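Beneath this line is the structure, given in structure tokens, with notes to follow.
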Amino acid sequence: MKTQWTTFTHVFVTSWMLVAVNPGYLSVNASYRYLCDSPIYCPGPFLEKIQLNRVFNDSKTFVDMPTLKPLEEVIAAFSRIPQNASRDTLLDFISTYFGSEGQELVPATLDHFPYHPSFLQKIRSPILYEFAIRVHNYWPNLARKVDQSFMCAGCVSSFIPMNRSFVIPGGRFREIYYWDSYFVIEGLLVSELYGVAKDMILNFLDFVETYGFVPNGSRIYYLNRSQPPLLVQMVKIYYQATNDTSLLFHAFPTLIKEYNFWRQNTSIHVTSPKSQKRYTLNRYIVHNISPRPESYFEDYETVELAT
Numbered sequence: 006m007k008t009q010w011t012t013f014t015h016v017f018v019t020s021w022m023l024v025a026v027n028p029g030y031l032s033v034n035a036s037y038r039y040l041c042d043s044p045i046y047c048p049g050p051f052l053e054k055i056q057l058n059r060v061f062n063d064s065k066t067f068v069d070m071p072t073l074k075p076l077e078e079v080i081a082a083f084s085r086i087p088q089n090a091s092r093d094t095l096l097d098f099i100s101t102y103f104g105s106e107g108q109e110l111v112p113a114t115l116d117h118f119p120y121h122p123s124f125l126q127k128i129r130s131p132i133l134y135e136f137a138i139r140v141h142n143y144w145p146n147l148a149r150k151v152d153q154s155f156m157c158a159g160c161v162s163s164f165i166p167m168n169r170s171f172v173i174p175g176g177r178f179r180e181i182y183y184w185d186s187y188f189v190i191e192g193l194l195v196s197e198l199y200g201v202a203k204d205m206i207l208n209f210l211d212f213v214e215t216y217g218f219v220p221n222g223s224r225i226y227y228l229n230r231s232q233p234p235l236l237v238q239m240v241k242i243y244y245q246a247t248n249d250t251s252l253l254f255h256a257f258p259t260l261i262k263e264y265n266f267w268r269q270n271t272s273i274h275v276t277s278p279k280s281q282k283r284y285t286l287n288r289y290i291v292h293n294i295s296p297r298p299e300s301y302f303e304d305y306e307t308v309e310l311a312t
């Protein structure tokens, strides 16, 4: 472990030196404010009508449905729906113009799946062994990749495309989430599923290169929020498990970009009333006054009951 940590530190310091002589590595546009601007999946007349009429019991169902027709055609058809349209009318409209929730995702194959990872050999209890092997063998059920081949030209989806495979939480959560994935990656590494663990990290690095940060989850309605940034820790535990120094050199400039995003966009200065010392605090807040698209009705109902 000492040698491994020394290598990690060496790469870290070397990368810092590269950054120092190339300030461009550090740049991130502090004015970036990726707001949810889809006329379908973001707050607006379209989403309000669908969600407040309680077409689905779970508000997340609709915003995870890709369109089956081009965006302009969907918007035009929606404009012809009467103002007082019934729930059944809206449901017919959705069944005509939208696919099923999560349709843009398909199962991903976990290559070289280790059916007997080494951690199992350390378990002496037959009951715990049986539990562990069942958990380990469940990974393929949660592995996904993006497949938008069914989508027409001009069709849209709320999903943020990714180039590599990933693991989802499951159930109604049909996308990856930021800090949840740290714990997922910990489990993948224990299960010796190094390939998909690296893929997930690379997907997050792509997000930082595109947006300057990792959104809360891989849906466009999550672009106005994030979660505690654990990408550095993901890279660290992956390296400690694999000794893959190539990922360190690849990731480091991007990790600096993410760090600067948080420093420039979410930090505030606070003064201790006791010591009068000044501190820098990062806040995980959202500048938003609309219901969350994936919890639209639930948020609306909460406010209505509180007033």
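Heads up: the sequence shown begins at 6 in the working numbering, then just goes up one per residue. Note that the Cβ used here is the ideal one computed from N, Cα and C, for glycine as well. Keep in mind the model is a prediction, meaning the values are calculated, not measured.
I'd like to know whether the C-beta atoms of residue i and residue j end up nearer to each other than 8 Å.
i: residue 229; j: residue 41; result: yes
i: residue 103; j: residue 70; result: yes
i: residue 146; j: residue 182; result: no
i: residue 65; j: residue 299; result: yes
i: residue 51; j: residue 83; result: yes
i: residue 224; j: residue 164; result: yes
i: residue 287; j: residue 272; result: yes
i: residue 210; j: residue 151; result: no
i: residue 80; j: residue 112; result: no
i: residue 169; j: residue 208; result: yes
i: residue 60; j: residue 226; result: no
i: residue 242; j: residue 180; result: no
i: residue 187; j: residue 238; result: yes
i: residue 259; j: residue 214; result: yes
i: residue 219; j: residue 148; result: no
i: residue 155; j: residue 108; result: yes
i: residue 236; j: residue 203; result: no
i: residue 122; j: residue 295; result: no
i: residue 290; j: residue 240; result: no
Can you tell me whether DSSP reads residue i as helix, strand or coil?
i: residue 46; result: coil
i: residue 304; result: helix
i: residue 67; result: helix
i: residue 60; result: coil
i: residue 158; result: coil
i: residue 110; result: strand
i: residue 219; result: coil
i: residue 18; result: Interpretation of residue 18 is limited by its pLDDT of 45, a score under 50 that renders its predicted location unreliable; the figure taken from the coordinates is listed afterwards. Three-state result, residue 18: helix.
i: residue 312; result: coil
i: residue 97; result: helix
i: residue 313; result: In the structure as shown, the chain begins at 6 and stops at 312. Residue 313 is therefore absent and cannot be evaluated.
i: residue 235; result: coil
i: residue 199; result: helix
i: residue 253; result: helix
i: residue 40; result: coil
i: residue 277; result: coil
i: residue 294; result: coil
i: residue 265; result: helix
i: residue 27; result: Unreliable positioning characterises residue 27 in this predicted model, as indicated by a pLDDT of 41, which lies under 50. A coordinate reading is not provided.
i: residue 84; result: helix
i: residue 185; result: helix
i: residue 248; result: coil
Quick one: what's residue i bridged to in DSSP?
i: residue 175; result: 178
i: residue 287; result: 272
i: residue 150; result: 111
i: residue 164; result: 224
i: residue 72; result: 103
Closer than 7 Å: is that where the CB of residue i sits relative to any heavy atom of the ligand MN?
i: residue 220; result: The ligand MN is not part of this structure, which contains no ligands at all.
Would you call the segment 150 to 162 in contact with the segment 59 to 74, where contact means no fewer than 3 C-beta pairs closer than 8 Å? yes
Across the segment 258 to 277 and the segment 187 to 202, are there enough close Cβ pairs to call them in contact, namely three or more that are closer than 8 Å? no
May I ask you to verify whether the segment 75 to 93 touches the segment 121 to 139, counting CB pairs closer than 8 Å and requiring at least 3? no
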